[in-house]
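Enquirer:
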Ligand SMILES: Cc1ncc(C[n+]2csc(CCOP(=O)(O)OP(=O)(O)O)c2C)c(N)n1
Ligand code: SF4
Ligand SMILES: [Mg+2]
């Protein structure tokens with residue numbers, strides 16, 4: 001049994017901690033039972049902190065210290081199939097190395113939670129914030145949520161298990177934040193009394209997941225070959241179906257969280273001053289959080305600008321975006337902190353957002369951006385300049401003319417040109 | 001050690017754990033071994049089977065031959081997924097469940113070797129059994145690093161250029177409590193080995209030579225004969241290492257004596273995969289057998 005201190009059971013504490021520690025604390029407070037992990041910068045301090053918790057007796061869990069990330073996810077498939085709440089954290093190359101098993105998890109409908117301290121993809125080696133790791137595996141059947149503050153990282157872990165383990169969802173869950181900018185910076189994080197967390201997030205059913213539980217008393221065979229005319233297609237559809245339907249559960253869980261802990265996470269997307277805006281920037285992650293400052297600056301000058309922060313990209317906030325398109329907005333910028341080489345814009349999310357434009361009858365101009373790659377600084381001043389470019393587009397129908405504008409997308413800070 | 005007559009007495013009334021409905025080829029030794037392994041382990045067992053024939057012969061959905069939980073697993077993940085199952089049971093306080101990884105040679109000796117090495121280094125409390133049909137049979141008989149030299153496979157149409165990797169020795173070097181080798185065609189031996197392994201705490205590894213009629217190209221009626229010849233020619237050595245102590249099976253002990261061993265040709269000539277070998281190649285394989293027998297004899 002873990003020895004959770006009496007004070008932790010009953011009292012809220014505020015601790016100054018890194019984003020990575022917020023992730024580890026989230027796992028501890030969710031009372032995960034099985035952890036498997038493999039170190040990679042910038043995720044390492046998550047797995048170190050978890051080792052402290054487990055070896056120090058503060059967390060009653062098995063920690064399988066495997067020899068690779070493929071084995072991490074395979075091991076969690078095994079532990080989750082016994083009904084144990086299972087957790088890991090990774091980053092960049094490690095996430096890519098897991099890819100086969102990521103599909104294994106979602107197709108086995110296992111509610112595993114993984115936090116990602118996102119980093120650039122090698123070569124050349126790059127360990128700083130960029131989301132191409134998570135974005136390149138965005139279609140593997142995991143819920144994908146960005147956490148843009150330290151508090152949100154911690155809170156999201158608690159909510160993620162509640163969502164993932166919901167009978168109507170039963171899908172794995174990624175919580176994503178930026179390497180170093182979030183993983184290694186420190187901020188105060190409020191940790192609610194464990195008693196209240198336990199009430200919000202009860203343990204998984206003792207009999208294991210209803211669809212798949214490795215119990216010799218009640219034997220199942222899982223994953224047998226299916227012929228093309230059998231139900232393979234139906235199983236695939238059900239993953240998509242549950243993903244779409246999870247939106248309701250996500251919203252409900254956010255409400256319940258607000259009721260329990262008085263912190264509000266708006267929903268699948270956050271609308272920041274978009275209601276009367278004619279120029280809106282759509283983005284995600286900590287850079288989107290920072291854009292609020294740029295919006296406030298421009299609002300002081302009377303510019304009607306807003307920020308639309310995507311908290312989730314799986315499931316995709318279709319309804320929220322279409323509602324935005326049907327507002328007064330005339331120009332939209334969409335900033336990706338990651339790449340999708342050769343796709344229509346070069347940025348994965350800008351392409352997806354644009355694919356929804358036809359669901360609105362309004363004529364909206366769009367300018368895609370790729371920014372912050374490999375940890376490249378994007379300052380508030382630069383974000384203000386982005387808004388100015390978008391205003392220029394609205395007022396004069398002028399697209400940027402400098403070398404950073406390539407193939408219809410602004411590659412912010414591009415030095416070489418084409 | 002259970003004798004055949006005792007086995008008949010104790011096992012014939014128990015429910016079968018590997019039932020009819022399997023889609024294995026006629027003469028498959030691998031299912032024979034699995035059937036007898038499960039008899040020894042009993043119903044409180046879960047099986048993790050990485051990609052291989054074992055993912056096909058278990059039955060096409062919704063049919064299944066297994067009466068114990070049986071999980072199809074990714075090719076490289078046999079040992080790592082089992083580690084997680086063990087960890088899950090331990091975390092939840094569920095005791096006395098045998099966790100068995102049932103993997104082919106490809107899933108063990110090639111793509112799964114890293115996960116296997118990791119799992120046994122961590123002393124994971126499970127049994128890892130490799131049924132070795134000496135090639136990637138599920139995908140149509142390609143070579144693996146467990147395929148013997150001079151074997152013709154679809155990726156070595158003129159014969160493989162290098163000898164078989166000795167996985168049991170590699171595993172034994174990890175100094176785990178139990179390593180044993182056996183042939184799939186000897187149910188009594190399979191039963192005894194799995195019964196013994198089940199009693200031991202920690203990582204157990206069982207290497208099972210598993211004759212495969214379509215892959216080795218022999219008549220399905222000859223499966224047991226082939227398993228027997230592999231032992232009598234010294235091609236496959238029967239031994240175990242229990243808590244560091246090497247115990248050579250008495251059959252193999254006998255055949256370590258070159259005068260008592262059958263020439264390798266007796267084994268090779270029964271199999272299409274060794275068709276058209278010249279004398280030099282046969283001698284090459286004979287030398288390999290002799291060298292391995294001498295090495296084992298020196299360790300006694
Ligand atoms: C990652 C991955 N690579 C390749 C395959 C294709 N594949 C499936 S089974 C198999 C061969 C299995 O060989 P072995 O482990 O010896 O088992 P056998 O089929 O001989 O019983 C291969 C190559 C796969 N399923 N997964
Ligand atoms: S190919 Fe060989 S190992 Fe596979 S099912 Fe057929 S006989 Fe058994
Ligand atoms: Mg094989």
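Chains as they are written, first to last, in our numbering: chain P, 1 to 418; chain X, 1 to 300. We put the CB at the ideal spot given by N, CA and C, even for glycine.
Just by C-beta distance, which residues in the segment 91-120 of chain X are closer than 9 angstroms to chain P?
Expert: Answer in chain order: 91, 92, 94, 97, 98, 99, 114, 115, 117, 118, 119.
Enquirer: May I ask you to check if the CB of residue 166(X) is nearer than 7 angstroms to at least one heavy atom of ligand 1?
Expert: If you number the second chain from 1, residue 166(X) lands on position 166. Not so, every heavy atom of ligand 1 lies at least 7 angstroms from the Cβ.
Enquirer: Count the other CB atoms within 10 Å of the CB of residue 73(X); is the residue buried (16 or more) or exposed (fewer)?
Expert: On the second chain, residue 73(X) is found 73 positions in, with the first residue counted as 1. Residue 73(X) comes out buried.
Enquirer: Helix or strand or just coil, what does DSSP make of residue 81(P)?
Expert: Here residue 81(P) is taken as the residue at index 81 of the first chain, counted from 1. Residue 81(P): helix per DSSP, three-state reduction.
Enquirer: Ligand 2 heavy atoms versus the CB of residue 57(X): any closer than 7 angstroms?
Expert: Taking the first residue of the second chain as 1, we reach residue 57(X) at position 57. Yes - ligand 2 has a heavy atom lying nearer than 7 angstroms to the Cβ of residue 57(X).
Enquirer: When you measure from the CB of residue 75(X) to every non-hydrogen atom of ligand 1, does any distance come out below 7 angstroms?
Expert: Translated into the one-based positions of the second chain, residue 75(X) becomes position 75. Checking every heavy atom of ligand 1 against the Cβ of residue 75(X), one is found closer than 7 angstroms.
Enquirer: Can you grab the Cα-Cα spacing for the pair residue 221(P) / residue 99(X), in whole Å?
Expert: Against the first chain, residue 221(P) aligns to sequence position 221. Against the second chain, residue 99(X) aligns to sequence position 99. So the two alpha carbons sit approximately 14 angstroms from each other.
Enquirer: Do you know offhand how far residue 236(X)'s Cα is from residue 204(X)'s?
Expert: Position 236 of the second chain, counted from the start, is the residue given in the question as residue 236(X). Position 204 of the second chain, counted from the start, is the residue given in the question as residue 204(X). Using only the alpha carbons, I get a separation of about 19 angstroms.
Enquirer: Can you list, in chain order, the residues of its chain whose CB lies under 6 angstroms from that of residue 273(P), leaving out five sequence neighbours each side?
Expert: Stepping through the first chain from its first residue, residue 273(P) is reached at position 273. Taken in chain order, the residues that qualify are 295, 306.
Enquirer: Starting from residue 395(P), follow its DSSP beta bridges and name the residues at the other end.
Expert: Position 395 of the first chain, counted from the first residue, corresponds to residue 395(P). For residue 395(P), which the question treats as bridged, DSSP gives no partner whatsoever.
Enquirer: Just to make sure I have the definition right: I need the residues of chain P whose C-beta is within less than 7 angstroms of the C-beta of residue 61(X). Which are they?
Expert: Within the second chain, numbered from 1, the residue matching residue 61(X) stands at position 61. By Cβ distance, chain P contributes 224, 225, 226, 230.
Enquirer: Hey, is residue 100(P)'s beta-carbon within less than 8 angstroms of any beta-carbon in chain X?
Expert: Numbered from its first residue, the first chain carries residue 100(P) at position 100. Taking Cβ atoms only, chain X reaches closer than 8 angstroms to residue 100(P), which makes this a yes.
Enquirer: Using 8 angstroms as the limit for Cβ to Cβ distance, is residue 371(P) near chain X?
Expert: Translated into positions along the first chain, residue 371(P) becomes position 371. Answer no: the Cβ-Cβ gap between residue 371(P) and chain X never drops below 8 angstroms.
Enquirer: Residues in the segment 209-220 of chain P with C-beta within 8 angstroms of chain X's C-beta atoms, listed in sequence order?
Expert: So the close ones are 214, 215, 216, 219, 220.
Enquirer: Can you list the beta strand (DSSP E) stretches of 3 or more residues lying completely in the segment 350-387 of chain P, in chain order?
Expert: List check, beta strand (DSSP E) in window: 365-370.
Enquirer: Does any C-beta atom of chain X lie closer than 8 angstroms to the C-beta of residue 33(P)?
Expert: Here residue 33(P) refers to the residue found at position 33 when the first chain is read from its first residue. Yes, because at least one Cβ of chain X sits closer than 8 angstroms to the Cβ of residue 33(P).
Enquirer: For residue 384(P) versus residue 297(P), is the C-beta distance shorter than 8 angstroms?
Expert: For the purposes of this step, residue 384(P) is taken as residue 384 along the first chain, with counting starting at 1. For the purposes of this step, residue 297(P) is taken as residue 297 along the first chain, with counting starting at 1. Yes, these two residues count as a Cβ contact at 8 angstroms.
Enquirer: CB of residue 172(X) to nearest heavy atom of ligand 2: below 7 angstroms?
Expert: Locating residue 172(X) in the second chain gives position 172, where the first residue counts as 1. Incorrect: residue 172(X) has no Cβ contact closer than 7 angstroms to ligand 2.
Enquirer: Over the uninterrupted beta strand (DSSP E) stretch that includes residue 118(P), give me the two end residues.
Expert: Sequence index remark: in the first chain, residue 118(P) carries index 118 (1-based). That run of the beta strand (DSSP E) goes 113-118.
Enquirer: Is there at least one non-hydrogen atom of ligand 3 closer than 7 angstroms to the beta-carbon of residue 27(X)?
Expert: What you label residue 27(X) is simply residue 27 of the second chain in a count that begins at 1. No, since every heavy atom of ligand 3 falls outside the 7 angstroms radius drawn around the Cβ of residue 27(X).
Enquirer: Can the beta-carbon of residue 24(P) be found closer than 8 angstroms to that of residue 150(P)?
Expert: In the first chain, the residue the question calls residue 24(P) occupies position 24. In the first chain, the residue the question calls residue 150(P) occupies position 150. Not closer than 8 angstroms, so no.
Enquirer: With respect to the alpha helix (DSSP H) encompassing residue 295(X), which residues constitute its N-terminal and C-terminal limits?
Expert: Here the question's residue 295(X) lines up with position 295 in the second chain. That run of the alpha helix (DSSP H) goes 279-299.
Enquirer: Are the C-beta atoms of residue 8(X) and some chain P residue less than 8 angstroms apart?
Expert: Position 8 of the second chain, counted from the start, is the residue given in the question as residue 8(X). Answer no: the Cβ-Cβ gap between residue 8(X) and chain P never drops below 8 angstroms.
Enquirer: Considering just the uninterrupted stretch of the alpha helix (DSSP H) at residue 159(P), what are its terminal residues?
Expert: One-based indexing of the first chain puts residue 159(P) at position 159. Segment 150-164, the alpha helix (DSSP H) holding residue 159(P).
Enquirer: Are the Cβ atoms of residue 156(P) and residue 18(P) separated by less than 8 angstroms?
Expert: Translated into the one-based positions of the first chain, residue 156(P) becomes position 156. Translated into the one-based positions of the first chain, residue 18(P) becomes position 18. Taking 8 angstroms as the Cβ cut-off, residue 156(P) and residue 18(P) do not qualify as a contacting pair.
Enquirer: Determine contact between the segment 100-113 of chain P and the segment 75-88 of chain P, defined as no fewer than three beta-carbon pairs at a distance below 8 angstroms.
Expert: The segment 100-113 of chain P vs the segment 75-88 of chain P: in contact.
Enquirer: Give a single yes or no on whether residue 30(X) has its beta carbon closer than 7 angstroms to a heavy atom of ligand 2.
Expert: Mapped onto the second chain, residue 30(X) falls at position 30. Residue 30(X): yes, Cβ under 7 angstroms from ligand 2.
Enquirer: How many Å lie between residue 201(X) and residue 320(P) at the Cα?
Expert: By one-based count along the second chain, residue 201(X) stands at place 201. By one-based count along the first chain, residue 320(P) stands at place 320. Cα to Cα, residue 201(X) sits roughly 55 angstroms from residue 320(P).
Enquirer: Report back the beta-carbon spacing between residue 185(X) and residue 27(X) to the nearest angstrom; my notes put them in contact at under 8 angstroms.
Expert: Against the second chain, residue 185(X) aligns to sequence position 185. Against the second chain, residue 27(X) aligns to sequence position 27. In fact, because the Cβ distance is near 10 angstroms, the residues do not count as touching under 8 angstroms.
Enquirer: Measuring CA to CA, which of 91(X), 50(X), 66(X), 93(X) is closest to residue 138(X)?
Expert: One-based indexing of the second chain puts residue 138(X) at position 138. Of the candidates 91(X), 50(X), 66(X), 93(X), the one whose C-alpha sits nearest the C-alpha of residue 138(X) is 50(X).
Enquirer: Report back the beta-carbon spacing between residue 281(X) and residue 150(X) to the nearest angstrom; my notes put them in contact at under 8 angstroms.
Expert: For this step, residue 281(X) is matched to residue 281 along the second chain. For this step, residue 150(X) is matched to residue 150 along the second chain. Going by Cβ atoms, the distance from residue 281(X) to residue 150(X) rounds to 5 angstroms, so yes, they are a contact pair.
Enquirer: List, in chain order, every chain P residue whose beta-carbon is nearer than 9 angstroms to that of residue 67(X).
Expert: Locating residue 67(X) in the second chain gives position 67, counting from the first residue. Ordered by position in chain P, the residues that pass the 9 angstroms Cβ test against residue 67(X) are 219.
Enquirer: Span of the beta strand (DSSP E) holding residue 14(P)?
Expert: For this step, residue 14(P) is matched to residue 14 along the first chain. That run of the beta strand (DSSP E) goes 13-18.
Enquirer: With residue 240(X) as the anchor, note down where its beta strand (DSSP E) starts and where it stops.
Expert: As a position in the second chain, residue 240(X) is number 240, starting the count at 1. Per DSSP, residue 240(X) belongs to the beta strand (DSSP E) from 239-242.
Enquirer: Identify whether residue 92(X) lies in helix, strand or coil by the three-state DSSP scheme.
Expert: One-based indexing of the second chain puts residue 92(X) at position 92. In this structure, residue 92(X) counts as helix in the three-state DSSP scheme.
Enquirer: Please compile the residues from chain X whose C-beta is within a distance smaller than 8 angstroms of the C-beta of residue 62(P).
Expert: Mapped onto the first chain, residue 62(P) falls at position 62. The answer, in chain order, is 87, 88, 90, 91.
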